[in-house]
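Numbering (this note's numbering), first residue to last: -14 to 140.
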């Protein structure tokens, strides 16, 4: 078993688990990378163990205090949302990526990753008008968001 102590500095060092998912992605194993993030997220939330490449990783040791638990869960949640959705999108699974973002409350009103992925999923299903409507109803607060919205094709 991989030992771990319940400290913020140790948690920072344990972010290497996230890097494993990124390495899997680079190696063309996008689904495995996403599954790893899901398992890590679940193990942290439940303060349980999980298996990574045949080794037991006990995330309960990183979540000993309520503050540590919140920190670890928040970090993994954000990583699952952003990296997980990107991994699925990268391997062309737009609908699954959009579903994952929706499941984890990652599709907001702005043109950030979740909403962009949802738009691509709609396009994948040839729901072009719904995709345009989603762009048109986006809250574009940053200049780059307004620029992206202007790029949408008009019927």
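Ideal placement from N, C-alpha and C gives every residue a C-beta, glycine not left out.
Check	Outcome
Range of the contiguous beta strand (DSSP E) that encloses residue 126	Premise fails: residue 126 is in no beta strand (DSSP E) and is neither H nor E.
Where residue 26 falls, given that 16 or more other Cβ within 10 Å makes a residue buried	buried
With 16 other Cβ atoms within 10 Å as the buried cut-off, status of residue 141	No answer is possible for residue 141: it lies beyond the span of the chain, which begins at -14 and ends at 140.
CB contact flag (residue 141, residue 95, <8 Å)	Residue 141 falls outside the range modelled here, since the chain spans only -14 to 140, and no answer is possible.
Cβ pair residue 55, residue 44 closer than 8 Å	no
DSSP three-state assignment for residue 95, whether helix, strand or coil	coil
The beta strand (DSSP E) enclosing residue 37, as first and last residue numbers	34 to 37
Buried or exposed by the 16-neighbour rule on C-beta atoms within 10 Å, applied to residue 22	buried
C-alpha distance - residue 112 paired with residue 130, whole-angstrom precision	22 Å
Inter-residue Cα distance where the pair is residue 82 and residue 48	28 Å
One or two residues paired with residue 43 in a DSSP bridge	34
Beta-carbon proximity check, residue 91 vs residue 70, cutoff 8 Å	yes
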